[in-house]
Amino acid sequence: MQPTTEALNEVKKLRKAVVYRKKILIYIWDSTDSEPCMVDVHNLLAKLKSEMDPGTSLIGFRKR
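The sequence shown begins at 21 in our numbering and counts up one residue at a time.
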């Protein structure tokens, strides 16, 4: 999945506005030629989060 810079900036805005992942997925489908699945959106949002909040990470996280 390789959204355009414009679409990526819009996804960043949607993430900040706490929009559901499904709506972000639909936005990407409608505004780009990409056809990502939900896992791709989840990974994209995790990457954006790590860029915005470098101190947060899922490393070492375990279910109990």
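The C-beta atom is built at its ideal place from N, Cα and C for all residues, glycine as well.
Can you tell me whether residue i is helix, strand or coil according to DSSP?
i: residue 40; result: coil
i: residue 53; result: coil
i: residue 87; result: The requested residue 87 does not occur in the structure, where the chain is confined to residues 21 to 84.
i: residue 60; result: helix
So, are the CB atoms of residue i and residue j less than 8 Å apart?
i: residue 45; j: residue 58; result: yes
i: residue 31; j: residue 64; result: yes
i: residue 48; j: residue 66; result: no
Between the alpha carbons of residue i and residue j, how many angstroms are there, rounded?
i: residue 61; j: residue 41; result: 7 Å
i: residue 56; j: residue 73; result: 24 Å
i: residue 25; j: residue 37; result: 18 Å
i: residue 52; j: residue 34; result: 16 Å
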